[in-house]
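Colleague: Residue numbers (the working numbering): 62 to 861.
Virtual Cβ for every residue (Gly too), placed ideally from N, Cα, C.
Supplied in structure tokens, the structure appears directly below.
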Amino acid sequence: MLVEKGIPLKFDAVIHQQEGPSDRFYFAGDYVDVAEIPSFYQYKWLANLQTWRKGFSKEESAFFWTTYVPMMEVIINRAAEEIDYEPVTEDGLNESKEYPTTGENQYNFRIVGDLYEVYVDGQWEEMTIKGVNMGMGKPGSFPGEAMISEEEYMRWFKQIGEMGANTIRVYTIHPPGFYRALKSYNEAHPDQPLYLFHGAWFNEESEVYEDTKDAFVDGNTIPFQEEMKMIVDVIHGDTRIDYTPGHAYGIYDVDVSDYVIGWIIGIEWYPHFVEETNDLHVDLGDYDGRFVRTEKAEAFEYWLAEQMDLVLSYEADHYGFVRPISFTNWVTTDLLTHPAEPNEEEDLVGIDPNVIKLKDEMEEVGQFASYHVYPYYPDFLNFEERYLEYTDHRGQPNNYAAYLEDLHEVHDIPVLIAEFGVPATRGKTHNNPFGWNQGHLTEDEQGEIVVSLFEDILYEGMMGGLIFTWQDEWFKRTWNTMEYDNPERRPFWSNPQTSEQQFGLMSFDRHKIRINGSPSEWEESVPLYDGGNELLDQVIVDHDETYLYVRIDLNDFEWSKDAFPVVLFDTIPDQGNEQIEGFDGLSLNNGIDFMMKLKGKESSSLLVDWYYDFFEYEYVHVHMMIDWDIDNPKPVRNTGVFNPIMYALNQALYIPSRDLHVDFEYYEAGELRFGIGDPDHEDYDSLADFYYNEELQMFEVRIPWLLLQFRDPSQREVIGDFYKDPYEFSQFVDGIQLAVLIVNEQDDSYEILDSLPALENGRFSEPLELYEWETWDEPLYEERLKQSYDFVKEAFQAVE
């Protein structure tokens with residue numbers, strides 16, 4: 062019938078017509094007939110196609126992903142290329158605003174003494190800086206993908222504002238939604254806006270940087286200068302950035318310049334880069350530019366002055382505006398000398414902000430020094446005797462306040478502590494003598510310490526402080542865990558053993574199972590063993606992006622440090638112990654890689670097969686940083702020995718000012734902590750690993766994936782046999798096999814009282830059950846303000 066009517070049986074799926082400047086695309090058929098369509102909210106599509114895509118189910122039609130989405134990307138990018146935007150005015154300058162002028166330029170922020178001043182309603186008002194840093198990371202993406210949506214930014218700004226903060230700092234250009242959300246938020250809160258310190262990122266990962274170690278080389282300087290110009294255009298809403306991998310892009314048509322309180326350009330400068338630049342340009346002399354000059358500057362300080370002058374001049378020329386300025390600095394390149402520093406690189410060279418001077422009309426606006434200062438690193442902070450003996454305003458010893466006092470004293474310009482904080486994470490990377498450690502802190506402890514550091518910052522005369530950081534960042538790494546995981550997959554799961562990931566005041570961990578003694582959250586979990594034995598009733602296993610969860614239900618059992626459950630894990634095929642030291646007569650069907658002893662509230666731990674002990678491999682056999690008295694040069698398989706799980710904290714040190722030798726430092730990461738792991742519970746302990754409901758006789762345990770040596774749980778990737786192949790020790794598995802024993806311990810000998818599966822003649826009567834899970838590329842997560850947020854809120858709101 063169609064043929065009879067002249068209707069073709071085949072027709073074009075997509076028809077493109079061009080009419081004048083307009084492109085039209087006609088689609089035949091229902092291209093987006095999928096089970097679920099994500100909600101759309103205030104998306105400007107150019108920078109958010111991937112966010113939109115992630116809202117769909119992974120199982121949808123291959124056609125949709127291989128044909129429809131690529132085609133839409135082409136159409137959208139084509140449209141973006143054709144979109145023009147109007148500059149701020151024809152000559153590129155802002156329309157006149159009611160702000161003071163210095164020379165020919167306007168300004169609405171200035172520095173007077175040690176304080177910032179903001180021009181509001183015709184008068185200058187003093188302001189103490191209290192705020193947060195904000196990166197571009199979120200679960201499921203790297204920061205360079207710029208995947209944070211405008212709605213997320215708006216939600217976060219509201220929470221930051223409610224916390225009492227007045228300032229946000231960013232390190233580089235964010236997607237357009239950031240600036241739209243900031244403008245919208247501030248227009249809705251004119252009496253308490255959020256001001257912005259904007260950074261300009263310097264690329265230290267380029268081949269030019271690696272090859273030259275010279276700031277003045279064009280390949281280092283020109284991209285940095287182009288980035289700074291671009292940022293000036295961005296804050297004035299006057300640019301479009303084309304797609305570049307690893308960089309935010311889109312149309313920037315919102316002017317937020319009224320709220321940009323100052324520039325903080327650059328990064329934490331690598332000391333050898335600074336030193337090499339100085340050595341290559343010894344006779345450079347001083348810089349004398351339009352707004353910036355130097356006095357007795359080293360070459361790198363000359364270069365920084367030149368970059369500061371460029372960004373100030375570019376904004377003045379194009380927008381008739383100037384604002385306070387600084388460059389990023391950190392303790393490693395401060396202008397102090399540290400005789401107690403054991404690492405030469407950490408006190409190799411200094412960058413002195415005092416030698417960089419503003420001139421002419423910029424003198425009215427001002428500059429400031431900007432430092433990242435943490436209480437636990439570099440090491441001199443923990444060993445300088447004068448710092449350890451220093452008494453703070455509370456009458457307590459305080460190495461952090463001692464350093465701040467010295468830092469403030471040597472500066473002729475005001476100082477902003479642009480990063481400070483501690484992480485609320487299970488893992489730990491560095492110790493502080495007063496417990497202000499880089500990790501292994503509860504959320505409560507994080508809040509208490511952050512507030513204490515902020516109080517020290519203000520008491521020692523700084524302009525204020527910016528907490529690092531607002532949100533947790535799953536893509537981050539730390540030196541003592543970076544060899545354990547897969548760097549290409551970090552954003553797809555949460556690793557509480559890596560302290561750098563959990564500095565935030567906001568968490569993304571969803572806590573699928575809340576360790577609180579309630580069985581209600583296990584209702585959808587299928588038992589791995591449902592034996593109904595005399596002592597062991599059932600075993601249930603579950604997981605999320607952060608933990609493997611194990612639940613053990615018992616019958617008529619009195620738990621103690623002598624009578625307790627033991628969980629055996631087979632995580633990697635063809636490896637592990639088939640016997641266990643102290644378990645006489647036990648001959649296992651599987652090689653066991655990990656053994657968990659729930660041995661009372663104070664003595665429980667997770668142990669690793671000696672052959673699979675990655676810590677020993679790294680620090681005894683590879684780096685040879687520990688001299689352990691070991692019978693064999695290398696472990697052998699199937700010894701029956703399980704080791705405590707250790708993580709490194711610091712290499713052996715020599716403190717020159719004290720003639721002090723300090724041993725290699727490490728800690729037991731496999732210790733298990735008893736407590737409530739439910740954020741909504743009044744007794745919440747964010748470091749809790751397990752809980753026992755005595756009435757229900759139910760254990761709940763959560764094990765961070767990295768403790769089981771998963772390089773990437775989202776793809777079921779584990780650390781493989783590193784002794785066999787030290788370069789490619791990665792292996793993919795089908796899941797984890799488990800068994801549970803109930804034992805009675807006497808003098809390091811174990812009597813098995815019950816087991817799942819059952820034992821016959823010292824062997825399991827059936828194969829160990831395999832816990833399997835689907836791989837994922839789109840992690841589930843849940844925003845949650847940590848307990849530390851409330852501590853900061855109280856402290857910030859108390860400061861005018």
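Applying the criterion that 16 or more other CB atoms from any shown protein chain within 10 Å of the CB defines a buried residue, is residue 827 buried or exposed?
Modeller: Its Cβ having fewer than 16 others within 10 Å, residue 827 is exposed.
Colleague: For the segment 282-299 and the segment 350-361, state whether three or more C-beta atom pairs, one from each stretch, are separated by less than 8 Å.
Modeller: The answer is no - the segment 350-361 does not touch the segment 282-299, with fewer than three Cβ pairs under 8 Å.
Colleague: Pick out the complete beta strand (DSSP E) segments inside the segment 652-704, 3 residues or longer, and give them in chain order.
Modeller: For the segment 652-704, whole beta strand (DSSP E) runs of length 3 or above, ordered along the chain, are 655-658 and 666-670.
Colleague: Tell me, please, whether the segment 225-242 touches the segment 191-208 by the rule of three or more beta-carbon pairs shorter than 8 Å.
Modeller: With a cut-off of 8 Å, the segment 191-208 and the segment 225-242 count as touching, because enough Cβ pairs lie within range.
Colleague: How would you label residue 464, buried or exposed, when you count the other beta carbons within 10 angstroms and need 16 or more for buried?
Modeller: Residue 464 comes out buried.
Colleague: In angstroms with no decimal places, state the Cα-to-Cα distance between residue 103 and residue 211.
Modeller: At residue 103, the pLDDT of 32 sits below 50, so the modelled position is not reliable; the number obtained from the coordinates is stated separately. Their backbone Cα atoms lie some 7 Å apart in a straight line.
Colleague: On the three-state DSSP scale, how would you describe residue 100?
Modeller: Only weak support is given to the placement of residue 100: the predicted model assigns it a pLDDT of 32, under 50, and the value that follows is read from those uncertain coordinates. If DSSP states are grouped into helix, strand and coil, residue 100 belongs with coil.
Colleague: In angstroms with no decimal places, state the Cα-to-Cα distance between residue 340 and residue 480.
Modeller: For residue 340 and residue 480, the distance between alpha carbons rounds to 29 Å.
Colleague: Count the other C-beta atoms from every protein chain shown that fall within 10 angstroms of the C-beta of residue 381, then say buried if there are 16 or more, exposed otherwise.
Modeller: The residue in question, residue 381, is buried, as its Cβ has 16 or more Cβ neighbours within 10 Å.
Colleague: Between which two residues does the alpha helix (DSSP H) harbouring residue 280 extend?
Modeller: Start and end: 279-296.
Colleague: For residue 807, count neighbouring Cβ atoms within 10 angstroms of its own Cβ and tell me buried if that reaches 16, exposed if not.
Modeller: Result: exposed.
Colleague: Would you kindly work out how many angstroms separate the C-alpha atoms of residue 853 and residue 738, rounded to a whole number?
Modeller: Straight-line Cα distance between these residues: approximately 22 Å.
Colleague: Whose C-beta lies closer than 6 Å to the C-beta of residue 126 among residues of the same chain, with five residues either side of it excluded?
Modeller: At residue 126 the pLDDT is 49, less than 50, meaning the model places this residue with poor confidence and gives no usable figure here.
Colleague: Would you say residue 500 and residue 560 are within 8 Å of each other, going by their C-beta atoms?
Modeller: Cβ distance < 8 Å, so residue 500 and residue 560 count as in contact.
Colleague: Per the DSSP calculation, residue 853 is bridged to which residue(s)?
Modeller: Residue 853 pairs with nothing; no bridge assigned.
Colleague: Enumerate in chain order the residues of its own chain whose CB-to-CB distance from residue 503 is below 7 Å, with the five nearest sequence positions on each side excluded.
Modeller: Within the same chain, residue 503 has close Cβ partners 485, 746, 747 and 748.
Colleague: Anyone know if the C-beta pair for residue 527 and residue 494 falls short of 8 Å?
Modeller: For residue 527 and residue 494, no; Cβs fall outside 8 Å.
Colleague: Is residue 465 helix, strand or coil when you go by DSSP?
Modeller: Residue state, collapsed to three classes: helix.
Colleague: Using a 10 Å radius around the Cβ and a threshold of 16 neighbouring Cβ atoms, would you call residue 541 buried or exposed?
Modeller: With 16 or more Cβ atoms within 10 Å of its Cβ, residue 541 is classed as buried.
Colleague: So, with DSSP's three-state summary, where would you put residue 590?
Modeller: Here residue 590 sits in strand by DSSP.
Colleague: Thinking C-alpha only, which one of 317, 213, 667 and 305 is nearest residue 257?
Modeller: Taking only the C-alpha atoms, the option nearest residue 257 is 317.
Colleague: Looking only at its own chain, which residues have a Cβ that is under 8 Å from the Cβ of residue 796, when we skip the five neighbours before and after it?
Modeller: Cβ neighbours of residue 796 beyond the five flanking positions: 777, 831, 832, 833 and 834.
Colleague: Are the CB atoms of residue 198 and residue 535 nearer to each other than 8 Å?
Modeller: Result yes, Cβ atoms of residue 198 and residue 535 sit closer than 8 Å.
Colleague: Tell me whether the beta-carbon of residue 441 lies closer than 8 Å to the beta-carbon of residue 482.
Modeller: No; because the gap between Cβ atoms is not below 8 Å, this pair is not in contact.
Colleague: If I follow the unbroken beta strand (DSSP E) through residue 171, where does it start and stop?
Modeller: Taken as a continuous stretch (DSSP letters only), the beta strand (DSSP E) holding residue 171 covers 170-173.
Colleague: Quick check on the burial criterion: 16 or more other C-beta atoms within 10 angstroms. Buried or exposed for residue 93?
Modeller: For residue 93, the predicted model reports a pLDDT of 42, less than 50, meaning its position is unreliable; a value from the coordinates is still stated below. By the neighbour-count rule (16 or more Cβ atoms within 10 Å), residue 93 is not buried but exposed.
Colleague: Expressed to the nearest angstrom, what Euclidean distance is found between the alpha-carbon atoms of residue 431 and residue 324?
Modeller: Their Cα atoms are separated by approximately 10 Å.
Colleague: Which residues mark the beginning and the end of the beta strand (DSSP E) in which residue 313 is found?
Modeller: From DSSP, the beta strand (DSSP E) with residue 313 extends over 311-313.
Colleague: Whose CA, out of 290, 291 and 263, lies closest to the CA of residue 280?
Modeller: Of 290, 291 and 263, the residue nearest in Cα terms is 263.
Colleague: Please state the DSSP three-state secondary structure of residue 191.
Modeller: Residue 191 falls in the strand class under three-state DSSP.
Colleague: In the DSSP assignment, find the unbroken beta strand (DSSP E) run with residue 475 in it and report its ends.
Modeller: Premise fails: residue 475 is in no beta strand (DSSP E) and is neither H nor E.
Colleague: For the segment 184-238, which segments carrying the beta strand (DSSP E) assignment without a break, of at least 3 residues, lie completely within its bounds, in sequence order?
Modeller: Counting whole runs of 3 or more residues, the segment 184-238 contains the beta strand (DSSP E) stretches 184-188, 190-194 and 228-231.
Colleague: For residue 283, count the other beta carbons within 10 Å of its own beta carbon; 16 or more makes it buried, fewer makes it exposed. Which is it?
Modeller: By the 10 Å Cβ count, residue 283 comes out exposed.
Colleague: Specify, as a first and last residue, the run of the alpha helix (DSSP H) that residue 374 falls within.
Modeller: Unbroken alpha helix (DSSP H) run through residue 374: 360-380.
Colleague: Within 10 angstroms of the Cβ of residue 27, are there 16 or more other Cβ atoms? Answer buried if so, exposed if not.
Modeller: The structure shown does not extend to residue 27, since the chain is modelled only from 62 to 861, so the question has no answer here.
Colleague: Would you call the CB atoms of residue 697 and residue 672 closer than 8 Å?
Modeller: Closer than 8 Å, so yes.
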